[in-house]
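**Q** Residue numbers (the numbering used here): 529 to 780.
Don't be surprised by glycine CBs; every beta carbon is placed ideally from N, CA and C.
The structure that follows is given in the form of structure tokens.
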Ligand code: PEP
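So this is what it looks like as structure tokens:
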């Protein structure tokens, strides 16, 4: 039985005081939720303040990216040590916006995952196809390559720490979602691919989130699918109220 994980990716939004305000509201709204891992990924500048604010609560902290070196002359980058230092448990790696605008590749994603493991972070690794790839039936080929190139060579213990997020790029921030059945088909395919690179038992335990215009109206149908274990939420995670409704989907 996989424990659901719902994560909010704030992208480049919220000042420190806005982030703290949000967390105060969210803490109260989800205080009784015990059966789901709740994660928020603020910007780097708000991590420390949010970390203090969520201490002792049922909300966990993620960063939106990480660099693979521990320290040194890498202007503008943040290392896994620094993320651990401010209280991050998770780190999102390979988000499609990083791939699209900042030159992230499967190779750099692999290096970042590896570096995260050395500090005991839990990577949330994003995969997904572009609109044209979806329309021309290349989804499975693209996902297969992403999975192999991002994840090959990791040990059983390392694979047990990962979460995957399937995010069709055409569904991110567009209001278009894959239907629960379309998403399930890809999630099942992802699990099958995982089985090819790790032990069956491990692949069965890996949580696979869906991401792409998830909101409080579509979350229940998505979560009802056998291989959808959570959501990575962008736009609808920016308001405590809408994010809490997604987190509490099973009670709605
Ligand atoms: C995302 O950025 O990971 C995402 C899924 O965004 P949205 O929910 O806004 O589509």
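Who are the near neighbours of residue 696 in its chain, counting only those whose CB is closer than 7 Å to its CB and skipping five residues on each side?
**A** Within the same chain, residue 696 has close Cβ partners 656, 657, 662, 706, 740.
**Q** Check whether the stretch 676-684 touches the stretch 718-734, counting contact only when three or more Cβ pairs, one atom from each stretch, lie closer than 8 Å.
**A** Yes, the stretch 676-684 touches the stretch 718-734.
**Q** With respect to 8 Å, is the separation between the Cβ of residue 692 and the closest non-hydrogen atom of ligand 1 below this value?
**A** It does not: the Cβ of residue 692 is nowhere closer than 8 Å to a heavy atom of ligand 1.
**Q** When the Cβ atoms of the stretch 596-610 are set against those of the stretch 663-673, are three or more pairs found closer than 8 Å?
**A** These segments do not touch.
**Q** Whole angstroms is fine: what's the gap from residue 745's alpha carbon to residue 731's?
**A** So the two alpha carbons sit approximately 29 Å from each other.
**Q** Considering only heavy atoms of ligand 1, does any lie closer than 8 Å to the CB of residue 702?
**A** Residue 702: yes, Cβ under 8 Å from ligand 1.
**Q** Indicate whether the contact test is met: 3 or more Cβ pairs, each with one atom in the stretch 559-574 and one in the stretch 531-551, closer than 8 Å.
**A** Yes: at least three Cβ pairs fall under 8 Å.
**Q** Whose C-beta lies closer than 7 Å to the C-beta of residue 704 among residues of the same chain, with five residues either side of it excluded?
**A** Taken in chain order, the residues that qualify are 698, 741.
**Q** So, using beta-carbon positions, are residue 675 and residue 721 closer together than 9 Å?
**A** Yes, they are a contact pair.
**Q** With a threshold of 8 Å on Cβ separation, who are the neighbours of residue 578 within its own chain once the five nearest residues in sequence on each side are excluded?
**A** Result list for residue 578: 547, 548, 551, 568, 570, 589, in chain order.
**Q** Which whole-angstrom value describes the C-beta separation of residue 761 and residue 537, a residue pair presumed to lie in contact below a C-beta threshold of 8 Å?
**A** Correct: roughly 7 Å between the Cβ atoms.
**Q** Does the Cβ of residue 770 lie closer than 8 Å to at least one heavy atom of ligand 3?
**A** This structure lacks ligand 3; its bound ligands are ligand 1.
**Q** Quick one: complete beta strand (DSSP E) runs, 3+ long, within the stretch 698-759?
**A** DSSP runs (the beta strand (DSSP E)) wholly in the stretch 698-759: 735-739.
**Q** Within this structure, are the beta carbons of residue 647 and residue 608 separated by less than 9 Å?
**A** In this structure, residue 608 lies closer than 9 Å to residue 647 by Cβ.
**Q** Is the beta carbon of residue 593 closer than 9 Å to that of residue 564?
**A** No. Outside cutoff.
**Q** Would you mind giving the Cβ-Cβ distance between residue 700 and residue 624, rounded to the nearest angstrom? I have them listed as a contact below 8 Å.
**A** The pair is a contact, with the Cβ atoms about 6 Å apart (cut-off 8 Å).
**Q** If we call anything under 9 Å between Cβ atoms a contact, is residue 691 one with residue 754?
**A** Against a cut-off of 9 Å, the Cβ pair of residue 754 and residue 691 comes out as no contact.
**Q** Alpha carbon to alpha carbon, how far is residue 688 from residue 660?
**A** For residue 688 and residue 660, the distance between alpha carbons rounds to 33 Å.
**Q** Identify the continuous beta strand (DSSP E) that holds residue 613 and give its terminal residues.
**A** Residue 613 -> not in any beta strand (DSSP E); alpha helix (DSSP H) instead, spanning 608-613.
**Q** So, under 8 Å CB-CB, residue 605 and residue 595 are touching, yes? Tell me the CB distance rounded to an integer number of Å.
**A** Sure, about 4 Å apart at Cβ, within 8 Å.
**Q** Helix, strand or coil: how does DSSP classify residue 768 here?
**A** Note: residue 768 maps to helix in three-state DSSP.
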